[in-house]
Amino acid sequence: MNKQLTVLALSIASAASAQEVVKIAHVGATTGPVAYFGKDTENGARMAVEALNARKPVIGGKKVRFELVAEDDAGDPKQATAVAHRLVDAKVNAIVGHQTSGTTIPASKIYYSAGIPQISHSSTSPKYTQQGFNTTFRVVSNDMQLGRALGRYAVKQMGARRIAVVDDRTAYGQGLATEFVRGLQQQGGATVVAKEFTHDKATDFNAILTRIRATKPDLVFFGGMNAVAGPMLRQMKQLGLNAKMMGGDGICSDEIAKLSGGAMADGQVVCAEAGGVEAAGKPALDKFRADYKKRFGIDVQINAPYAYDAVMTFADAMTKAGSSAPAKYLPELAKISYKGVTGNVAFDKFGDIRDGTLTLYTFKAGHRTVLAVTR
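For the sequence shown, the working numbering puts the final residue at 365, and the numbers step up evenly by one.
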C-alpha cells in the first residue's frame, strides 16, 4: 500500500511539474499621481492572462499556466530600475511596460542585458526604440507621429496661429513638445510665441502662465500628464487666459476634468492618444471595454487594451516558437503579425508598431469625445 501511495504521489508531482509556469511581468505606476493609468494597464494585462489560462494553453507540446507578476514603479526612474533588476532575478519570461518614457528607457537597458523582451503599451518617446536594443517593442505610435499630427491639426483644423508651448521636463513631455513644434514648422502658418517649462510634481503655474498671457496665445500646448494639466487649466481660468489647451495621451482621459476642478470648458482641450481603431475594428474594442467593465466594475481609462494585446502578442510568439524561453521566442516576436483588439500588431526594424493609428479627442461635459482617427 505504501508503495502504491508513493507511486501515486510521484505521478501527481510529475503532472504538476509538467505544467510550466510562464511569468509575464507588468510594470506601471500603480501608486502616485498617475496611478489610475498604471492600474488600468495592469487590469488589461490581467484580463489577458486570465483569458489565456481559460484556453488551457500549450507551448511546444507542453501545458503551461501564465502568471502575472505585477510591479509598481510609481513613475519614478530609480524605482523603475530597481523593479527591473528584481524581475530579471525572478527570471520572468516577458515584460509588459513600463508606463512612462522616463521609466521605460532606463529599465529597457536592464532587460536588454538580460535578454528579456519588453513591449511597452504606452511609452511613446522615440528614444526607447532607437537605442539599438533588439528586445524593445511598443504597441502604440511614438511621439514623433503623435506630436507632428497634433501640430498639423492645431494649424489646419483648429486655426491656431499664436501658440505657447509648455513641457514638464520629463522624457515624455519634452519629446512630445519637440515633435509638436516640428509639426507646426512642417505645416507653416503658426508662431510659437512662448516656451516655458515646469515639472511633473508642480502645482503652482502662476509665474509661467502670467508670462504666457502677455503673449496673447490662442493655444497652449502642454507636454505632460493630467496631474499637472488639470490644475494648470484651473489657474489659466483664474488668470483670465482664455486659450485652448492641447496635449498628448498624458492628458487624454476624463481625469483631467476632475483635476481641473470644473474649470475646463467644453471643447477647450484637444488631445491625441497613440492608437485607436477605425470603423472595422470597433466591435472588437467595444467588446473588450464591456468585458473590462464587467470584470473590474470600472471603465477603461486609455491603455488597457494595449496591455492586453501586448500579453497576447507575447503568447502568440511563444506558441509559434514552441518555447517561452526569451532567446527562442524573440525572433518570432520581431516578425509577428497578430490580430489584436486594437488592430494588427506588427513591428518595424526598430520595434515600433507598423502603420499605427492616432485618435484625436476633445471633452464635452467632462467626458472624452472622438474627433478623428488618423494615421
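For glycine and all other residues, C-beta sits at the position ideal for the given N, C-alpha and C.
Quiz item: Going straight from the alpha carbon of Glu263 to that of Ile292, what length do you get?
Solution: 8 Å
Self-check item: Exposure label - Asp338; buried when at least 16 CB within 10 Å
Solution: exposed
Quiz item: Residue range of the beta strand (DSSP E) that Ser91 falls in?
Solution: Where Ser91 is concerned, there is no enclosing beta strand (DSSP E), although the alpha helix (DSSP H) it sits in stretches over 91 to 104.
Practice problem: On the DSSP bridge assignment, give the partners of Cys261 in chain order. | Solution: Gly237, Tyr351
Quiz item: Leaving out the 5 sequence neighbours to the left and right, which residues in its chain are closer than 7 Å to Met302 when beta-carbon positions are compared?
Solution: Ala38, Tyr328, Gly330
Practice problem: Output yes or no for whether 8 Å exceeds the beta carbon distance between Ser110 and His75. | Solution: no
Quiz item: If we call anything under 8 Å between Cβ atoms a contact, is His342 one with Ile326?
Solution: The question names His, yet the displayed sequence has Asp at residue 342. Taking 8 Å as the Cβ cut-off, Asp342 and Ile326 do not qualify as a contacting pair.
Self-check item: Own chain partners of Leu199 with C-beta closer than 7 Å, once the 5 adjacent residues on each side are dropped
Solution: Gln225, Met226, Leu229, Leu231
Exercise. Determine the direct distance from the alpha carbon of Ala233 to that of Thr205, and round the result to whole angstroms.
Key: 11 Å
Exercise. Please confirm whether Pro410 and Ala184 have their CB atoms less than 8 Å apart.
Key: Not covered by the structure: residue 410. The range shown for the chain is -9 to 365.
Quiz prompt | Counterpart residues of Lys13 in DSSP-defined beta bridges | solution = Glu57
Quiz prompt | Own chain partners of Val17 with C-beta closer than 6 Å, once the 5 adjacent residues on each side are dropped | solution = Glu61, Asp63, Val73, Gly87, His88
Quiz item: Which residues bound the beta strand (DSSP E) around Tyr118?
Solution: Here Tyr118 belongs to no beta strand (DSSP E), and DSSP marks it neither H nor E.
Quiz prompt | Given Ala180 as reference, the closest of Arg142, Gly28, Gly214, Asp194 once Cα atoms are compared | solution = Arg142
Quiz prompt | Bounding residues of the beta strand (DSSP E) (the contiguous stretch that carries Lys272) | solution = Element bounds for Lys272: not the beta strand (DSSP E) but the alpha helix (DSSP H), 272 to 286.
Quiz item: Any idea if Gln135 is buried or exposed, counting beta-carbon neighbours within 10 angstroms, 16 or more meaning buried?
Solution: buried
Practice problem: Report back the beta-carbon spacing between Gly173 and Leu140 to the nearest angstrom; my notes put them in contact at under 8 Å. | Solution: 6 Å
Quiz item: Are the region 310 to 324 and the region 90 to 100 in contact at 8 Å, needing three or more beta carbon pairs?
Solution: no
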